[in-house]
Structure formats: structure tokens, C-alpha cells
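A short write-up of the structure that comes next.
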Amino acid sequence: MYNAKYIIPGILFFLALALVPVVYNMGHQFEVKPELPKDQKECVLPTNEMRDKHMQLLNEWRNEAVRDGSRIFVNAKGQKYVKSLTNTCMSCHPDKAKFCDRCHETVGVAPYCWDCHNLTPNQKSPIPPVASAATGGH
Amino acid sequence: MKNSRREFLKLAAVSAMGIGAARLGFLGDAPAHAAGLPTVGNYEEGLKAKHWGMAVYSAKFTPERIAACRKACHDEHNVPDIAGPKEIKWFWGASYEESFPTEHGHYLSEEVEHRQFPLLCNQCETPMCVKVCPTQATFQRPDGIVMMDFHRCIGCRYCMAGCPFGARSFNFQDPRPFIKDFNPHFPTRMRGVVEKCNFCAERLAVGKLPKCVEAAEGALVFGDLSDEQSDIRKVLREHFAIRRKPDAGTSPSVYYIL
Ligand code: SF4
Ligand code: SF4
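Quick mapping for you: the protein sequence lines, in order, are chains Z and B. Each residue of the first sequence is one higher than the one before, starting from 1 at the first, in the working numbering. Each residue of the second sequence is one higher than the one before, starting from 1001 at the first, in the working numbering.
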């Protein structure tokens, strides 16, 4: 290869650089302990499903509620819930900072749901979004 | 080096949490609202129709009544109170000439000519706003309601240009600081989306009539235009009513009884 003596070390250096974060974090477990509701034992779906898929569920809920007017969710056990982020999810998990943010901040995602949706059905006044990563930077 | 970077990140995370907590600190519980949370049972009793429409007894509308309906609607939907050209309106009042610019005779009854008319989105049968929306954020439900899916609105404002009635408002800025009487059960909007009256789709879903209809004390009649037996059809059979700008061809579902 023409100029191999520059290119190959260059590629290796690039790979090493790209892999630094992976190697650095290897073997480290991150543990997040969101605060769970004290008076509720069950969520609308099993915990591990909620952990993996709550974003898909919320996306489905919003499309079904807003676009199809279908506002009742029935889970595998036949229990019925209202499809609502603020009124259903956030009435069991009323403290965003102790539940949602703990994971979102650890994994570095900043969903902008709360730019519009209220924090809990008991919220007293609208929270003006702050321009920071925590609110999606709006 | 490694350690100090970790310490720094930890500190950053903790202070971010602290800021988060500080922002929430002033929130308390407002049990009055909590008691009013709609239940699954409420949603099972939602109101249904083939074609929702509204009849307006315009003679019963004083500027005070228009203001009362406007306040009821705007409080219910967290519509910010912004004065001037950035105003956001779901329900408002206007003169005869503004309301019916194509019906302007020279020798009108003075009483009608000087009346204030309540205006809102006409929930048109063939809505121009839906036709021009490039993302289908504005769409028409099978029951005739022209709805907005705020999640999809990209703020292009084609709908504002398309609507012949000026029924839409654009959020030039974050609306939250301008909301006075806050309803925690309805979302707010964010900067850069368009909004308008939604015929209270969220109230119909729990079996309630639109908020302005409730506040109008009989001056607004709401119901199913496709049902001959409905109150609204009875009212429209018995009174002469006109619609706004018929030549725009959008066929409004809001009828004004002069
Ligand atoms: S009044 Fe305007 S915004 Fe409302 S449905 Fe008709 S065209 Fe659309
Ligand atoms: S129908 Fe509902 S959203 Fe529309 S003007 Fe009346 S109160 Fe407001």
C-alpha cells in the first residue's frame, strides 16, 4: 500500500482513540436507584418491560390518544389505565428528579416531554423550561 | 488526573441533581386538583357524535360574556396571556365586519352591526389548514373535529396562512411564564408550535361539554349536526343562521344565529 507506514499507524491510533471510552468503562457496572412509589406495587407493565420500553409505550399512548381518540390502555392482566403521562405515570411517580432524572442523567439522554407535559397532576404552577441539557436544550 | 476527572463528573452530576431538586422545591400538593383526576370510568362514558358542531346565539353575547367564555377556555387549556401581536387566542370576540366580511350590506340593523361576535376555530368540514399541513400535525377526526398533534408540529405556519379565519396562533416564545391560572391536567405548549381551539376533545372524551359552552349559560349550543333529533339541529331548524366566509369553501361547523 502506498504510504502504508503512515496510514496503518493512523488507523490504529484512530481505533484506539475511539475505543478508549469502551475500555475505560469495561467492567464498570452502573447502578441507578430510582425512587419507587411507596403505595403502589405494580406498574402498568412488568418492571423490566417498563425499564426497556417505556419510551415505546409512551409513543404508542400519545399516538393512540391524540390521533385515534383511544384513551384506555388494557394490559395483559386485563387491568385498565388512562393513557396519560402526567395523570397516570406521574401520579405514581410524582418526583421527576428522584425517578426519571436519575436514569436519564446517568445514561445521558434528555427527553423534552416536560417542556409541555406537567410534572404531576398536583403541580401548582408551570415550570419555565431552563436552557440546559436537562430539558433538551430548548 | 483520572481521579480528579471522576470527582469533577460526580460533582457535576450532584449539582445538576441539586438544581433539579431546587426547581421542584416549591411544588407542593394541591389535593383539590388531585380529586378531579379523570378515571377510566369517565373515559368509558365519553361523548360521541358523527359530526360535532356549534350554534351561537349571537344576540345573547355581550362583551362580558365573550370575556367569560374566553377566560374559561384559556384557563382550561393553559393558553398564555400575552398582549400585542404575539397574542395566543382560542376564543375571542370581534366586530360584525371582521366576523362576516363577505356579508356586509350597506344598511344593516344597527344592533347587529355593533354586536361583538364570539369567534373560535370553525372546525371546518373541508379544512384548508389540514390540506396545507406538511406533517399532518393538523388532522381531521372522523367526528369532524380538526385537531392538532403538537408533537408533530414543526412550526412552519402553513396552517396559519391556509386558515381563512385567523383561528390559529403561533408560540413565538415559551408560553409558561405567561400562564396565570394554571391547569395541571392539560399540557402547555412550547416555543415554535401553532395552536388553536380543539372543540375540547379532551373534555368530550370524559363525557363533558366544551368549557366555553358551559360558561356561556345557554348562548352556545353544542351537539351532533348529523343527528336530526339533536338540540343543535332543533335550534338551527328554528332560527336563521349563517356561517363565516362561505365563499372560502371550508364549510364551517360553527353556525351564527343573528
Ligand atoms: S377555522 Fe381555520 S383552523 Fe379551524 S378548521 Fe377551519 S381552516 Fe382550520
Ligand atoms: S370548544 Fe373548547 S377549546 Fe374550543 S373555544 Fe370552546 S372551550 Fe375553547
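Every residue gets a Cβ at the ideal spot worked out from N, C-alpha and C, and that includes glycine. In this text, all values refer to a predicted model and were calculated from it rather than measured experimentally.
> Pick out every residue whose C-beta is nearer than 6 Å to a heavy atom of ligand 1: which are they, in chain order?
Replying inline: B:C1121, B:N1122, B:Q1123, B:C1124, B:P1127, B:M1128, B:C1129, B:V1146, B:C1163, B:F1165, B:A1167, B:R1168, B:K1196, B:T1250
> Along chain B, which residues have their Cβ under 9 Å away from the Cβ of Z:R62?
Replying inline: D1149, H1151
> Going along the chain, which residues of the stretch 1157-1190 of chain B sit with their C-beta nearer than 7 Å to a C-beta in chain Z?
Replying inline: D1174, R1176, P1177, I1179, F1182, P1184, H1185, P1187, T1188, R1189, M1190
> Within 10 angstroms of its Cβ, does B:K1089 collect 16 or more other Cβ (buried), or is it exposed?
Replying inline: buried
>> Quick check: does the Cβ of B:C1159 come within less than 7 Å of any heavy atom belonging to ligand 2?
In response: no
> DSSP state of Z:E60, grouped into three classes?
Replying inline: helix
> Excluding sequence positions up to five away, which residues of its chain have a Cβ less than 6 Å from the Cβ of B:D1081?
Replying inline: F1178, K1180
> Which whole-angstrom value describes the C-beta separation of B:F1139 and B:V1132, a residue pair presumed to lie in contact below a C-beta threshold of 8 Å?
Replying inline: So it is not a contact: roughly 12 Å between Cβ atoms.
> In whole angstroms, what is the alpha-carbon distance linking B:L1236 and B:R1243?
Replying inline: 12 Å
> What whole-angstrom Cβ distance do Z:V82 and B:P1038 have, given they're in contact under 8 Å?
Replying inline: 7 Å
>> Just to check my reading of the structure: B:M1054 and B:F1222 have Cβ atoms closer than 8 Å, yes? What is that Cβ distance to the nearest angstrom?
In response: 5 Å
>> Strictly below 7 Å CB to CB, what residues from chain Z border B:F1100?
In response: What B:F1100 touches in chain Z: nothing, since even the nearest Cβ is about 32 Å away.
> Which same chain residues, not among the five before or five after Z:A16, have their C-beta less than 7 Å away from its C-beta?
Replying inline: none
>> Using DSSP's beta-bridge definition, name the partner residues of B:D1143.
In response: In the DSSP output, where bridge partners are listed per residue, B:D1143 has none listed.
> Count the other CB atoms within 10 Å of the CB of B:Q1123; is the residue buried (16 or more) or exposed (fewer)?
Replying inline: buried
> Does the stretch 38-55 of chain Z come within contact of the stretch 64-81 of chain Z, defined as at least 3 CB pairs closer than 8 Å?
Replying inline: yes
>> Could you check whether Z:C116 and B:P1118 sit closer than 8 Å to each other, using their CB atoms as the reference points?
In response: no
> Roughly how many whole angstroms lie between the Cα atoms of Z:D95 and Z:Q56?
Replying inline: 21 Å
> Is there at least one Cβ from chain B nearer than 8 Å to Z:N75's Cβ?
Replying inline: no
>> So B:L1209 and B:V1056 are supposed to be a Cβ contact under 8 Å. How far apart are they, rounded?
In response: 14 Å between Cβ atoms; not a contact.
> Quick one: does B:F1139 have its CB under 8 Å from some CB of chain Z?
Replying inline: yes
> Who pairs with Z:K80 in a beta bridge, going by DSSP?
Replying inline: Z:V74
> Is it right to say B:S1015 is buried, meaning 16 or more other beta carbons lie within 10 angstroms of its own, or is it exposed?
Replying inline: Residue placement at B:S1015 is flagged as unreliable, the pLDDT there being 49, under the threshold of 50; the coordinate-derived value follows with that caveat. The residue is exposed, with fewer than 16 neighbouring Cβ atoms inside 10 Å.
> Any idea if Z:L19 is buried or exposed, counting beta-carbon neighbours within 10 angstroms, 16 or more meaning buried?
Replying inline: exposed
> Who are the Cβ neighbours of Z:N63 in its own chain at under 8 Å, not counting the five residues just before and after it?
Replying inline: none
>> Could you tell me the alpha carbon to alpha carbon distance between B:Q1116 and B:F1199, rounded to whole angstroms?
In response: 21 Å
>> According to DSSP, simplified to helix, strand and coil, what is B:G1192?
In response: coil
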